[in-house]
Amino acid sequence: MKKELRFTVNGQPYELYIKPKTILVEVLRAHLGLTGTKRGCDSSSCGACTVILNGMAVKSCSVLALQANGGEVLTVEGLAKGNELHPLQKAFLDHGAFQCGFCTSGMLMSSKALLDENPNPTKEQIKEGIDGNICRCTGYNSIIRALTGVVKGEYKEEK
Ligand code: FES
Ligand code: FES
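Heads up: the sequence shown begins at 6 in the numbering used here, then just goes up one per residue.
So, in structure tokens, the structure goes:
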């Protein structure tokens, strides 16, 4: 039997009926069409599916959608404000912090959760903050440089 799911995604309220075992990434991608969140391993290993649920980075392949009932989800689609990219997105672009891009949405969401919790992390803390996200292309250095640029205030959020 389907269950009701009411939650907010990127500030927009949704109400839908889903099977109880439906995972969050499936609802985001298949039901809401938010395909920026990627589906890689489906086993909580790669981090490509990372979104922010109630302020915490979670791997949406490992969260039942119903666990988000009543909650707030932020996906990569919710980072930019209109045409204005989020500082992390600007920094990733400037530093070439992606190649194929498959890891990028998850990497951005883990980075945002990290900086929301600790706006001034050390390099070690940055590494820890993204250690659940695998990137097969960049070698991570450009990603760490991008985050460091944001931490140093080189990329500001538009007011
Ligand atoms: S798809 Fe969720 S961690 Fe890999
Ligand atoms: S840019 Fe290809 S996996 Fe990270």
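Each residue gets a CB set at the ideal place from its N, CA and C atoms; glycine is no exception.
Computed from a prediction, not measured in an experiment: that's the story for all the values here.
From the DSSP output, read off the bridge partner residues of residue i.
i, result
"Met61", "Leu58"
"Lys132", "DSSP, once it has assigned bridges, lists no residue as partnering Lys132."
"Pro18", "Thr13"
"Ile148", "Beta-bridge pairing links Ile148 to no other residue."
"Lys86", "Glu89"
"Val78", "Val14, Leu58"
Since I believe residue j is in contact with residue i (beta carbons under 8 Å), could you give me their beta-carbon distance rounded to a whole number of angstroms?
i, j, result
"Tyr19", "Leu37", "7 Å"
"Val155", "Leu119", "10 Å between Cβ atoms; not a contact."
"Ala102", "Thr143", "6 Å"
"Ala53", "Cys108", "6 Å"
Are the CB atoms of residue i and residue j nearer to each other than 8 Å?
i, j, result
"Ser65", "Thr42", "yes"
"Ser114", "Thr55", "Here the sequence assigns Met to residue 114, which means Ser is not the residue at that position. Yes, the Cβ-Cβ distance between Met114 and Thr55 is below 8 Å."
"Asn74", "Arg11", "yes"
"Thr13", "Ala70", "no"
"Met112", "Asn146", "no"
Tell me the DSSP secondary structure of residue i in three-state form.
i, result
"Lys95", "helix"
What's the call for residue i, buried or exposed, on a 16-neighbour Cβ count within 10 Å?
i, result
"Lys92", "This sequence places Pro at residue 92; Lys is not what is there. Buried, because 16 or more other Cβ atoms sit within 10 Å of the Cβ of Pro92."
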